[in-house]
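Here is the structure we will look at, set down as structure tokens.
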Amino acid sequence: MTAPVTAASLGLLGCHVCGQLSRGAAHSHDACCPRCGAPLHSRKPDSIARTWALLIAAMILYIPANLLPMMYTSSLFGSQADTIMSGVVYFWTSGSWYLALIIFFASILVPLLKMAVLLFLLVSVQMRSHWQPVQRARLYRLVEVIGRWSMLDVYVVAMIVSLVQLKALATILPGPGAMAFGAVVVLTIFAAMAFDPRLIWDPLEEERG
Amino acid sequence: MAENLSENPRRSEPAELPAAVAAPRSRRTVQLVWLIPLIAALVGGWLAIRSVLDRGPVITISFKTAEGLEAGKSKLKFKDVDIGQVSRVVLAPDLSSVIVTAELVKGSDTHLHEDTQFWVVRPRISGGSVSGIGTLLSGAYIGVGIGKSKEARSEFTGLEVPPIFSTDAAGREFVLHSPDLGSLDYGSPVFFRRLQVGQITGYDLDKNGKGVTLRVFVNAPYDQYVSSNTRFWHASGVDLSLNASGITLDTQSMVSILLGGLAFQTPTSSSPLPPAAPNAVFQLFANRVEAMKHPDTIVDRFTMIFTESLRGLVPGAVVDFRGIAVGEVVSINTRFDPVKGTITLPVEINYFPERFTAREAAGPRTGRAARDPKAMTNMLVGRGLRAQLRTGNLLTGQLYIALDVFPDAPKAKIDWSTTPPEFPTVVGSLQDLQNSLTSIARKLDKMDFEGIGANLQQTLKTATKMMTALDTSVTELTPETKAVIVEARRTLDSADRALASDSPLLQDSRAMMSEIARAARAFRILADYLEQHPEALISGKKEENK
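So the sequence lines, in the order shown, correspond to chains W and U. Residues 1 to 209 (our numbering) make up the first sequence, in order. Residues 210 to 755 (our numbering) make up the second sequence, in order.
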């Protein structure tokens with residue numbers, strides 16, 4: 001059985017910008033595309049370290065994102081601070097359970113799952129696991145696609161804040177939770193980008209090679 | 210191309226592929242990326258620390274009802290600044306009250322004194338003021354009044370009624386005792402020389418139910434005018450009083466007419482005293498006159514027994530000595546004497562001996578005039594000092610008791626053996642007049658006019674007989690004398706005729722006598738009526754009810 005040949009095993013490098021394939025130098029780290037001058041590397045540089053750093057930052061910020069108020073509502077009838085969870089509870093108790101479910105999935109469960117998946121991928125890559133590489137690659141694709149939808153909350157807050165500015169009657173201000181939540185989403189997107197899915201296959205390649 | 214590559218993996222390296230250009234190595238990327246979780250950790254840690262540090266004290270407040278309070282929503286406000294939030298509202302274990310748990314902002318633990326007050330601000334309309342209208346929309350909140358005590362506390366009992374003034378207002382609070390509340394309420398004004406200087410902050414029925422204790426707050430700087438001998442009185446509404454001196458109308462201001470209020474003043478006669486201490490206790494008088502009366506510390510009580518009608522005499526009526534009020538009527542009773550079978554009307558009076566000494570030019574301004582008051586009174590009574598009912602006001606028919614010296618009064622003594630001692634009385638001037646008129650009429654009535662007439666007739670008859678005898682004996686006398694005697698006899702005959710029992714003269718005089726008797730009776734009725742309706746002198750006799 002012949003294993004499929006890879007660019008890495010042939011010492012070739014593909015340019016990420018213009019697609020030019022070139023032969024890598026002995027120290028494949030420091031290379032530039034001969035055509036467009038973009039940096040070349042056979043794997044994303046420091047992929048695991050960067051992903052770790054971004055993922056840890058996201059996990060840290062996930063805590064204040066859920067504990068701190070997302071939104072301050074002050075109106076004639078008093079002022080109120082809402083966290084994500086209190087919003088979910090409010091919608092659930094007031095009967096709009098579908099809205100509560102949407103917010104719960106989009107804002108609490110999805111970021112959590114995304115971080116868990118990234119964590120799992122990182123750990124498995126670092127342990128040079130051979131387990132189910134295809135499924136893991138599928139998981140990675142899912143994370144990349146779903147990531148941007150978590151920003152729903154932030155968009156809603158940003159819209160409401162800019163719309164409801166009636167000064168004395170009603171004012172809505174974003175809370176520190178919104179910043180933290182936005183940071184979590186952005187950081188997980190970056191973490192997913194920093195992660196090089198080719199690393200999933202590398203241990204298998206090396207074993208064969 | 211791709212096919213070629215896959216078909217010839219290692220043998221033929223495509224020579225046409227350009228070699229990658231070597232680039233200078235940069236080593237910073239790894240270190241820089243780890244800054245991100247570091248910053249995130251710092252931000253997260255700072256937020257966590259801040260949330261721990263920002264956590265203020267947690268207190269519990271008990272209220273009778275949680276009306277309008279919502280956990281997680283209702284605020285605690287001091288001077289309209291949020292200083293906390295209600296976090297929990299639960300019932301007390303014995304269901305008698307509601308326990309509100311509240312989280313205060315950081316640093317507010319220094320305001321939690323023993324006398325810090327909490328109350329629920331709801332819309333409230335009272336005492337001419339409207340407050341808490343904003344809570345109609347925003348919902349109730351808990352008002353906080355920060356106390357001055359040094360004792361820290363975390364469990365409080367909320368006030369049911371908001372305090373009128375904030376706890377940090379300058380001024381002093383005083384306690385007043387009053388027999389009743391009058392038309393006062395929370396927030397009723399307190400006036401000093403018709404200036405509003407304070408408010409009523411609370412009232413409570415005394416435990417024994419015999420009076421009301423009020424708390425008033427007098428704002429600085431007016432509180433300095435309250436000294437220990439200051440008098441407080443009801444300035445509630447319109448004070449219309451009717452007494453022996455006529456009608457008195459007394460008011461403070463339009464506000465007090467509508468809502469009631471208090472006023473205070475320090476009697477000018479008394480020497481200035483230092484301002485009263487906070488929470489000093491005062492008596493609340495019914496009106497200004499009563500309040501400003503000279504304080505009577507010595508009170509002697511006497512009974513005066515009257516037999517005449519006491520219509521128009523009321524408790525509180527004046528006991529007067531030649532125009533000076535020296536006492537007042539306390540009570541009017543009736544007493545039946547089973548031995549004599551008579552009903553008398555004992556009137557109890559309070560006599561204030563200081564009112565004599567207070568007006569003395571020399572000597573002490575208070576205290577008794579004499580060392581031995583008993584001997585002094587005995588001596589005065591011996592000289593004819595008596596009590597007498599007099600009409601104070603013909604228009605209203607009010608009576609008062611006058612003390613005066615009646616040198617001609619029958620001898621009497623004070624009966625010191627009874628309690629209170631019995632002071633001798635003389636009948637009133639009107640009663641005196643009535644009595645004399647009645648006795649005159651009675652004497653006139655008793656006169657035997659018929660007997661007198663008969664006697665006169667008898668005498669005349671005898672005289673006639675004598676004359677006849679004289680006539681016969683004198684016939685021998687000179688014709689002149691005879692003629693004279695004849696004339697005399699004729700005269701006497703006509704007199705005889707005139708005095709006969711059916712003669713017009715006797716009848717006329719009898720009629721006259723009965724007229725006089727009737728006139729006396731009429732006068733007695735008039736006197737009776739006047740005594741009962743003295744106003745009839747002016748207004749005339751009322752139509753009798755048929």
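Ideal Cβ positions, reconstructed from N, Cα and C, are used throughout, including at glycine.
query                                                                                                                                                                   : result
Roughly how many whole angstroms lie between the Cα atoms of GLY190(U) and LEU112(W)?                                                                                   : In the structure as shown, chain U starts at 210 and stops at 755, and residue 190(U) therefore has no counterpart that could be examined.
Measuring straight from C-alpha to C-alpha, what distance separates VAL528(U) and VAL636(U)?                                                                            : 15 Å
Going by DSSP in three states, LYS755(U) sits in which element: helix, strand or coil?                                                                                  : Because LYS755(U) sits at a pLDDT of 47, beneath the cut-off of 50, its placement in the model cannot be relied upon, and the point is left open.
Does any C-beta atom of chain U lie closer than 7 Å to the C-beta of LEU13(W)?                                                                                          : yes
Got a sec? Which residues, its chain only, sit under 7 Å from VAL299(U) by beta carbon, not counting five neighbours each side?                                         : ILE308
Give the interface partners of LEU256(U) over in chain W, defined as CB-CB distance under 9 Å, in chain order.                                                          : ILE63, PRO64, LEU67, LEU68, PRO176, ALA180
If we count the other Cβ atoms within 10 Å of its Cβ and call it buried at 16 or more, is TYR98(W) buried or exposed?                                                   : exposed
On the three-pair Cβ rule with 8 Å, is the segment 421 to 441 of chain U touching the segment 487 to 496 of chain U?                                                    : yes
Three-state secondary structure (DSSP) at ASP641(U)?                                                                                                                    : helix
Restricting to Cα atoms, I'd like to know which of PRO398(U), VAL399(U), PRO388(U) is closest to LYS416(U).                                                             : PRO388(U)
Considering only C-alpha positions, which residue in the set ARG544(U), ALA485(U), THR310(U), LYS502(U) is nearest to THR512(U)?                                        : ARG544(U)
What residue does the alpha helix (DSSP H) around PHE91(W) start on, and which one ends it?                                                                             : 84 to 93
Using a Cβ-Cβ cutoff of less than 8 Å, which residues in the same chain neighbour LYS315(U) once the five nearest sequence positions on both sides are dropped?         : LEU262, ASP263, ARG264, GLY265
Cβ atoms of VAL230(U) and CYS32(W): under 7 Å apart, would you say?                                                                                                     : yes
Evaluate the contact criterion for the segment 355 to 364 of chain U versus the segment 317 to 325 of chain U: three or more CB pairs, one atom per stretch, below 8 Å. : yes
Skipping 5 residues on each side, what residues in its chain have a beta carbon closer than 7 Å to that of ALA65(W)?                                                    : GLY177, ALA180, PHE181, VAL184
Classify SER296(U) as helix, strand or coil using the three-state DSSP reduction.                                                                                       : strand
Using the Cβ count rule (16 or more neighbours within 10 Å means buried), how would you classify GLN597(U)?                                                             : buried
Mind listing, in chain order, the continuous alpha helix (DSSP H) runs of no fewer than 4 residues lying wholly within the segment 490 to 536 of chain U?               : 497 to 501
Can you tell me which of the three DSSP states GLU382(U) falls into?                                                                                                    : strand
Compute the Euclidean distance between the alpha carbons of GLN433(U) and ALA81(W), then round it to the nearest angstrom.                                              : 49 Å
Do SER75(W) and ALA168(W) have their C-beta atoms closer together than 7 Å?                                                                                             : no
Given that a residue counts as buried once 16 or more other Cβ atoms are within 10 Å of its Cβ, and exposed if not, what is SER22(W)?                                   : buried
Assuming GLN405(U) is part of the beta strand (DSSP E), what are its boundary residues?                                                                                 : 404 to 414
Any contact between the segment 716 to 731 of chain U and the segment 650 to 668 of chain U? By contact I mean 3 or more CB pairs, one from each, below 8 Å.            : yes
Taking contact to mean at least 3 C-beta pairs separated by less than 8 Å, is the segment 664 to 674 of chain U in contact with the segment 690 to 703 of chain U?      : yes
Does the Cβ of LYS284(U) have 16 or more other Cβ atoms within 10 Å, making it buried, or fewer, making it exposed?                                                     : buried
Just how far apart, CA to CA, sit ILE514(U) and ALA495(U)?                                                                                                              : 30 Å
Do GLY469(U) and PHE400(U) count as a contact pair if the criterion is CB distance below 7 Å?                                                                           : no
What first and last residue would you give for the alpha helix (DSSP H) that runs through ASP185(W)?                                                                    : In the sequence as presented, Asp is not what sits at residue 185(W); that position holds Val. Run containing VAL185(W): 176 to 194, per the alpha helix (DSSP H) assignment.
For GLN24(W), which residues in chain U fall below 7 Å Cβ to Cβ?                                                                                                        : In the sequence on display, residue 24(W) carries Gly and not Gln. Per Cβ cutoff of 7 Å: ALA229.
Measure the beta-carbon distance from ILE507(U) to GLU563(U) and round it to whole angstroms, keeping in mind my assumption that it falls under 8 Å.                    : 6 Å
Can you look up GLN20(W) in the DSSP assignment and give me helix, strand or coil?                                                                                      : coil
Between the C-alpha atoms of SER28(W) and GLY175(W), what's the straight-line distance to the nearest angstrom?                                                         : Note that SER28(W) scores a pLDDT of 49, beneath 50, so its modelled location is shaky and nothing firm can be said.
Measure from the C-beta of VAL298(U) to each C-beta in chain W and report whether the shortest distance is under 7 Å.                                                   : no
Which one of THR319(U), ALA618(U), PRO332(U), THR605(U) has the shortest CA to CA distance from ILE355(U)?                                                              : THR319(U)
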